[in-house]
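Here's the structure, in structure tokens; my notes come after.
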Amino acid sequence: MPWDRNQMAARAAQELEDGMYVNLGIGIPTLVANYVGDKDITLQSENGMLGMGPFPFEGEEDADLINAGKQTITELSRTAYFDSAMSFGMIRGGKIAAAILGAMEVAENGDLANWMIPGKLVKGMGGAMDLVAGVGRVVVVMDHQNKAGESKVLKSCTLPLTGKGVVDRIITNLGVLDVVEGGLKIVECADGVSEDELRAATEATIV
Amino acid sequence: MKKVYGSAAEALDGVLSDGMLIAAGGFGLCGIPELLLQAIKDAGTKNLTFASNNAGVDDFGIGILLQTKQVKKMISSYVGENKEFMRQYLGGELELEFNPQGTLAERMRAGGSGIPGFYTKTGVGTQIAEGKEVKVFDGEEYILERGIVADLSIVKAWKADDTGNLVFRKTARNFNPPAAMCGKVCIVEVEEIVPRGSLDPDSIHLPGIYVHRIIQGEHEKRIEQRTTRPQEEK
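In order, the protein sequences belong to chains A and B. Each position in the first sequence, counted from 1, maps to that position plus 137 in this note's numbering. Each position in the second sequence, counted from 1, maps to that position plus 49 in this note's numbering.
Listed below in structure tokens is the structure:
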């Protein structure tokens with residue numbers, strides 16, 4: 138059985154180490170916060186907050202306190218607020234240890250596409266280009282294939298790039314792959330997924 | 050100099066002109082200058098360019114100026130929450146310059162700090178880099194981005210004193226300080242104007258030197274994505 142969304146998030150949480158400052162993207166990456174356990178992790182929200190807490194209890198929402206997905210959240214005893222220029226100063230300046238982000242496509246050279254489908258979807262890159270250019274380590278969490286069953290782990294991206302050669306590790310519903318010299322290296326397969334199945338579902342070169 | 054005005058319309062009087070560049074604070078609907086945007090709608094100023102991270106939603110924020118076709122161009126990082134925006138953009142009625150979020154914030158900060166351009170790694174090797182100067186520092190490529198100097202800045206703060214010293218609240222700070230810094234004229238709307246001396250000088254987020262006009266008013270402060278946990282989990 139391939140991993141489900143929560144299992145992918147739990148696997149991604151293993152990437153985080155005690156003391157890290159981390160930025161989590163929208164979608165499955167947001168779920169990673171549920172699986173950090175006892176590790177001392179500080180979550181950054183790029184709209185200007187370090188030390189992001191969980192969603193508020195009903196009736197306790199504060200319009201002045203949201204995350205980068207515009208969802209209401211809460212603060213913690215360690216929380217600090219700052220403006221967007223400082224927020225991206227710490228991102229671009231390499232102070233954030235890791236970002237866990239979603240993707241539309243990722244390529245064997247570490248190229249990432251997750252912001253635009255030409256002619257179809259005009260939303261924008263938000264902070265994704267800054268994050269992948271600046272943070273210490275970029276981990277992508279995504280479904281291995283699209284709805285048509287085609288690989289999203291490619292030899293080269295077909296969509297406009299978010300960053301060139303920026304991805305370090307890919308976690309999909311089928312397993313974990315690292316970007317290495319010459320292609321991707323299988324780190325592990327999801328429970329019940331064989332290495333042959335993972336290879337068959339991947340367009341990118343596996344070394 | 051007296052900085053406190055009686056209303057958004059009074060504060061904007063003599064400042065607005067067709068075709069001007071306005072830098073606006075806010076992230077999503079959080080910390081947006083909602084009163085000043087409404088007053089710009091009422092004033093009917095046209096062909097506006099906005100440097101603003103987002104474009105609001107259809108009926109709130111900059112969205113209300115899209116409905117009246119007062120906006121010619123947006124400089125933004127994310128516009129995904131606005132159907133009217135999509136319609137006008139895909140129909141060729143609206144220009145859009147996508148900026149990575151951190152690049153947009155730094156363009157404002159730089160423009161307000163006398164820095165006409167800066168080099169950044171963000172966007173290297175992507176569409177964003179097309180047509181921009183590339184320079185190699187220590188073996189790595191960077192692209193040149195320009196500082197933004199706006200004709201007008203409109204921002205939202207929590208509290209101000211009458212000299213324009215500002216305090217923001219939680220994540221409603223976001224783009225407001227850099228947007229305030231980059232305007233030739235900066236108008237701020239606050240929830241409360243407090244007496245001089247009542248703000249701790251060590252806790253002021255943006256000093257009044259950047260602020261030219263201040264208004265106080267009631268804010269709707271709409272929530273875009275209300276997400277909660279049930280009270281029973283407490």
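Glycine included, every Cβ here is placed at the ideal spot set by N, Cα and C. It should be emphasised that the depicted structure is a prediction, and the values quoted were computed from it without experimental measurement.
Would residue i and residue j be called neighbours here (beta carbons separated by less than 8 Å)?
i: E146 (chain B); j: I164 (chain B); result: no
i: Q153 (chain A); j: A235 (chain A); result: Inspection of the sequence shows that residue 153 (chain A) is occupied by Leu rather than by Gln. Yes.
i: I197 (chain B); j: G160 (chain B); result: yes
i: S252 (chain B); j: V204 (chain B); result: no
i: I71 (chain B); j: F99 (chain B); result: yes
i: V185 (chain B); j: I192 (chain B); result: no
i: N251 (chain A); j: G302 (chain A); result: no
i: K292 (chain A); j: T342 (chain A); result: yes
Go ahead and label residue i buried or exposed: buried means 16 or more other beta carbons lie within 10 angstroms of its beta carbon, across all protein chains shown.
i: Q280 (chain B); result: exposed
i: Q208 (chain A); result: buried
i: T295 (chain A); result: exposed
i: I258 (chain B); result: exposed
i: Q119 (chain B); result: buried
i: A116 (chain B); result: Residue 116 (chain B) is actually Gln in this sequence, not Ala. The residue in question, Q116 (chain B), is exposed, as its Cβ has fewer than 16 Cβ neighbours within 10 Å.
i: N148 (chain B); result: buried
i: V344 (chain A); result: exposed
i: K284 (chain A); result: exposed
i: I254 (chain A); result: exposed
i: M138 (chain A); result: exposed
i: S126 (chain B); result: buried
i: G74 (chain B); result: buried
i: D249 (chain B); result: exposed
i: P244 (chain B); result: exposed
i: G105 (chain B); result: buried
i: A150 (chain A); result: buried
Which residues in chain A sit within 9 Å of residue i, going by Cβ to Cβ distance?
i: T277 (chain B); result: F192, P193, F194, E195, G196, E197, E198 and T209
i: Y138 (chain B); result: V259
i: G129 (chain B); result: L258, V259, K260, G261 and G263
i: G196 (chain B); result: Under the 9 Å cutoff, chain A gives no residues; its nearest Cβ is about 12 Å from G196 (chain B).
Taking C-beta pairs closer than 8 Å, name the residues in chain A that residue i reaches, listed in chain order.
i: S126 (chain B); result: G261, M262, G263 and G264
i: F224 (chain B); result: D220 and S221
i: A280 (chain B); result: For the sequence presented, residue 280 (chain B) should be read as Gln rather than Ala. Those within 8 Å of Q280 (chain B) in chain A are F194, E195 and G196.
i: A154 (chain B); result: D220, S221, A222, S224 and F225
i: G232 (chain B); result: Here the premise fails: no neighbours, minimum Cβ distance about 15 Å.
Using a Cβ cut-off of 8 Å, pull out every chain B residue sitting near residue i, in sequence order please.
i: I203 (chain A); result: F76, G77, C79, T220, I272, E273 and Q274
i: T299 (chain A); result: T175
i: G206 (chain A); result: Q274
Can you tell me whether DSSP reads residue i as helix, strand or coil?
i: E267 (chain B); result: coil
i: T179 (chain A); result: strand
i: S224 (chain A); result: helix
i: G160 (chain B); result: helix
i: I254 (chain A); result: strand
i: M135 (chain B); result: helix
i: V269 (chain A); result: helix
i: T211 (chain A); result: coil
i: T295 (chain A); result: coil
i: T309 (chain A); result: strand
i: A100 (chain B); result: strand
i: L86 (chain B); result: helix
i: L143 (chain B); result: coil
i: A341 (chain A); result: coil
i: Y127 (chain B); result: coil
i: A73 (chain B); result: strand
i: I253 (chain B); result: coil
i: Q119 (chain B); result: coil
i: D91 (chain B); result: helix
i: I203 (chain A); result: strand
i: R245 (chain B); result: coil
i: L78 (chain B); result: coil
i: G185 (chain A); result: coil
i: A147 (chain A); result: helix
i: I197 (chain B); result: coil
i: D315 (chain A); result: strand
Tell me whether residue i, by its Cβ, gets closer than 7 Å to a heavy atom of the ligand FAD.
i: L314 (chain A); result: With respect to the ligand FAD, the structure offers nothing, as it holds no ligand at all.
Could you work out which residues of chain A lie near residue i, taking near to mean beta carbons separated by less than 7 Å?
i: M135 (chain B); result: V259
i: Q116 (chain B); result: Under the 7 Å cutoff, chain A gives no residues; its nearest Cβ is about 18 Å from Q116 (chain B).
i: K283 (chain B); result: F194
i: F147 (chain B); result: G261 and M262
i: P227 (chain B); result: D220, S221 and A222
Check the Cβ of residue i against every Cβ in chain B and list those closer than 7 Å, keeping chain order.
i: I237 (chain A); result: Per Cβ cutoff of 7 Å: no residues; I237 (chain A) is ~17 Å from chain B at best.
i: G162 (chain A); result: Result: empty, since nearest Cβ-Cβ is about 13 Å, beyond 7 Å.
i: I228 (chain A); result: G151
Could you list which residues in chain B have their beta carbon closer than 9 Å to that of residue i, in chain order?
i: D305 (chain A); result: Chain B residues near D305 (chain A): none, gap ~16 Å exceeds 9 Å.
i: A240 (chain A); result: Correct list: empty, because the minimum Cβ distance to chain B is about 14 Å.
Chain-ordered residues of the stretch 156-169 of chain B with a beta carbon less than 8 Å from chain A: M157, R158 and T169
Between the stretch 169-187 of chain A and chain B, which residues of the former have CB atoms less than 9 Å from a CB of the latter, in chain order? S182, E183, N184, G185 and M186
With 9 Å as the C-beta to C-beta threshold (strictly closer), list the residues of the stretch 87-104 of chain B near chain A in chain order. N102 and N103
To be precise: take each residue of the stretch 237-259 of chain B, compare its Cβ to all Cβ atoms of chain A, and keep it if any distance is under 8 Å. Which residues remain? H254
Closer than 9 Å between beta carbons: that is the criterion. Which residues of the stretch 264-294 of chain A meet it against chain B? G264, A265, M266, D267, L268, V269, A270 and G271
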